[in-house]
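See below for the structure under consideration.
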Amino acid sequence: MNIFRRAVLAGAAGLAAGAAVGPGGRATAAPRSAADDAVTAITHVTVIDATGAPAKRDMTVLLRGDRIIAVEPSRVAGAVPGAHVVDGRGRYLIPGLANMHNHTFDGAEIEVPLHVVNGVTTVRDMSANEDTSRWRREIEAGTRLGPRWTIGSPIVDGAPSLWEGLGAPYISVATAAEARATVRAQKDAGADFIKVYTRLSRAAFFAIADEARRQRIPFLGHLSDFVQMTEASDVGLASIEHLFQVWYDTSSREESLRRLVASVPIAGGEYNGWLNKMHPYEYAAARSYDRRKATAVFARLARNGTRVTPTLMLHTFTDRPGETPMNDPRYAYFPAATREFWHYALDAIYLNGRTPEQDARGREIYERRLRLVHDLDRAGVPLMAGTDNGTAFLMPGFSLHDELVRLAQAGLSNMRVLQTATLEPARYLGVRDRGTIARGNVADLVLLDADPLRDIRNTTRIHSVVVRGCVLSPADRARMLAEVKKAAAAAPALRRTARCAC
């Protein structure tokens, strides 16, 4: 008897109630497959397991509780007595997706359902707040349906910090002693990692690296304006977020450009000023890209196991803010207050002080970023998909699929693109039971109506989502989206304040 029939005979005949999810992602009834003995069979499906192996056609995947208990050819599996059957004919099954660079701001209840209906079953949140910590507790307790969350510390920046007065949670450290104390305090507070930022001094950055090693907690984030990328990699920076400062290590003019960058005066809260003042130096570094030097630098990152999260969606916005679409129909899932703030942030932070010359350079820089991502991938640097949700006009759930399209535009194969949101995040997180489709792995899955290996845009052709074994049917997904849209329309308008978050 094969594994399917053994599983059924082991007591997997009953079915739990269908998933019913209320506003904010709260479960209002027992999700399907919540019971340990509930069985779901996804039959006659093409399995893309994200290992890099060819797609496996006409397979049956058997789920019990929150686990995959078998992946077998349908001719071997046969009928599965008592199972809830999901017809996979003509469909494609991939692992649940991960957004490895997300920011959640207070009160953003709509984020949770928007992640899961879009197939995002893992989220790495880059700055702690009370909402995300509460959501994770509720999700783990089974009272809310949502992704698996990894939550970092507040942003740890230098003094003065770019975030002064802008409303986001941050910690400013001026000395190595303050940096070490912050690492210890954030570990004690339950942070999964330390998030480092742009204006950390060399002394503070290396103190964080050493204390993080002593405390056995990862540190990751932005490259400091005062630290080489290779130096950061050598002392254990787990992942590099964004592509802003990557150019300097690969520039034939590195030494002179680093002196200029270090001399630029940046005041507290001068996020817009940092973007505008650093622009000419980033442009010069990008145009002096030395491919031979880059090959050695990227080999060093690959050897150290340093990941890069390119966040091309963020760079689409920061490099070409004037081209931001104003009428995306997906904006209807966000309250008017959110959309109003997006327009404010676009004008005040990204367009303020920007010149036509910067616009032209920004378009060139973005095209160079695409080639940079291609070079990183070819050099064996592990890449992870992330969007930087929290930035204006970037949307939980939806924007991850936009990120995958941009990674494909950078020249990655569609399989490699899928792996940036599945296999690579699982490897980074050190979890062997996620990121691929295999017996024993967690049942986080996305069933698609079209082949993502033919066209990566087909990741948006979602039929059903499986979250911890809970099957969200097309009707479930439609209901959740309708509830989010209704809640967004009913939300109160923005009250003008001086507080800013971006």
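Quick note on numbering: the sequence shown equals residues -19 to -1, 1 to 483 in mature numbering (1 follows the signal peptide of the UniProt record, and there is no 0). Positions of the beta carbon are idealized from the N, C-alpha and C atoms, including for glycine.
Exercise. Cα separation between D173 and P363?
Worked result: 20 angstroms
Exercise. What residue range is occupied by the uninterrupted beta strand (DSSP E) comprising M396?
Worked result: Per DSSP, M396 belongs to no beta strand (DSSP E); it is in the alpha helix (DSSP H), 395 to 401.
Exercise. Residue range of the beta strand (DSSP E) that R48 falls in?
Worked result: 48 to 54
Problem set entry | Euclidean distance between Cα positions of R442 and A140 | 46 angstroms
For this session: Give every residue of the same chain whose Cβ lies closer than 8 angstroms to the Cβ of R281, excluding the five residues on either side of it in the sequence, and list them in chain order.
Result: T211, S214, D215
Exercise. Does the beta-carbon distance from L238 to A275 come in below 7 angstroms?
Worked result: no
Problem set entry | Short Cβ contact (7 angstroms threshold) for R183 with V208 | yes
Problem set entry | Whole runs of the beta strand (DSSP E) within the segment 156 to 233, excluding any shorter than 3 residues | 175 to 177, 200 to 202, 220 to 222
Exercise. Under the three-state reduction of DSSP, which class applies to N253: helix, strand or coil?
Worked result: helix
Problem set entry | Meets three-Cβ-pair contact criterion under 8 angstroms: the segment 288 to 307 and the segment 368 to 382 | yes
For this session: On a CA-only basis, which of L95, T41, D68, V104 is nearest A463? Give me that one, please.
Result: L95
Exercise. Smallest Cα separation from residue 485: which of A193, A472, L126?
Worked result: Outside the shown range of the chain, which is -19 to 483, sits residue 485, and nothing can be said about it.
Exercise. Which runs of the beta strand (DSSP E) fall wholly inside the segment 406 to 455 and span at least 3 residues, in chain order?
Worked result: 426 to 429, 443 to 448, 451 to 453
Exercise. Using the C-alpha atoms, what's the distance from R268 back to A157?
Worked result: 35 angstroms
Problem set entry | Residue range of the alpha helix (DSSP H) that includes S153 | Not the alpha helix (DSSP H): S153 falls in the beta strand (DSSP E), residues 151 to 153.
Exercise. Which two residues bound the contiguous beta strand (DSSP E) that contains N80?
Worked result: 78 to 83
Exercise. Does the beta-carbon distance from V452 to G100 come in below 7 angstroms?
Worked result: no
Problem set entry | T21, buried or exposed, once every other Cβ within 10 Å from all chains shown has been counted against 16 | buried
Problem set entry | L43 - partner residues in DSSP beta bridges | A22, A51
Exercise. What residue from V93, A424, V164 has the CA that sits closest to residue 500's CA?
Worked result: This structure cannot speak to residue 500, because the chain is shown only from -19 to 483.
Problem set entry | Residue of Y314, L143, G217 minimising C-alpha distance to R284 | G217
Exercise. Roughly how many angstroms lie between the CA atoms of V227 and M259, to the nearest whole one?
Worked result: 13 angstroms
Problem set entry | Inter-residue Cα distance where the pair is A469 and W323 | 15 angstroms
Exercise. DSSP three-state call for N285: helix, strand or coil?
Worked result: helix
Exercise. Expressed to the nearest angstrom, what Euclidean distance is found between the alpha-carbon atoms of G3 and P246?
Worked result: The pLDDT assigned to G3 is 48, lower than 50, so where the model puts this residue is not dependable, and the model offers no usable value.
Exercise. Does the beta-carbon of R72 have 16 or more other beta-carbons within 10 angstroms, so that it is buried, or is it exposed?
Worked result: buried
Exercise. Cα separation between S205 and E92?
Worked result: 30 angstroms
Exercise. Under a Cβ-count criterion, where at least 16 other Cβ atoms within 10 Å of its own Cβ denotes burial, should R435 be classed as buried or exposed?
Worked result: exposed
For this session: Check each candidate in A51, T372, V412, F298 and name the one with the smallest Cα separation from R387.
Result: F298
Problem set entry | V28 (DSSP reduced to helix, strand or coil) | strand
For this session: Kindly list the residues whose CB is nearer than 7 angstroms to the CB of D432, restricted to its own chain and excluding five residues on each side of it in sequence; keep chain order.
Result: Y73, N439
Problem set entry | Coarse secondary structure for D328, derived from DSSP in three states | helix
Problem set entry | For V101, the three-state DSSP class (helix, strand or coil) | strand
Problem set entry | Candidates P128, A472, I418: closest to A34 by CA position | I418
Problem set entry | Pair within 7 angstroms by beta-carbon distance, A317 and A373 | no
Exercise. Residue 485: buried (16+ other C-beta within 10 angstroms of its C-beta) or exposed?
Worked result: The first residue shown for the chain is -19 and the last is 483, placing residue 485 beyond what the model contains.
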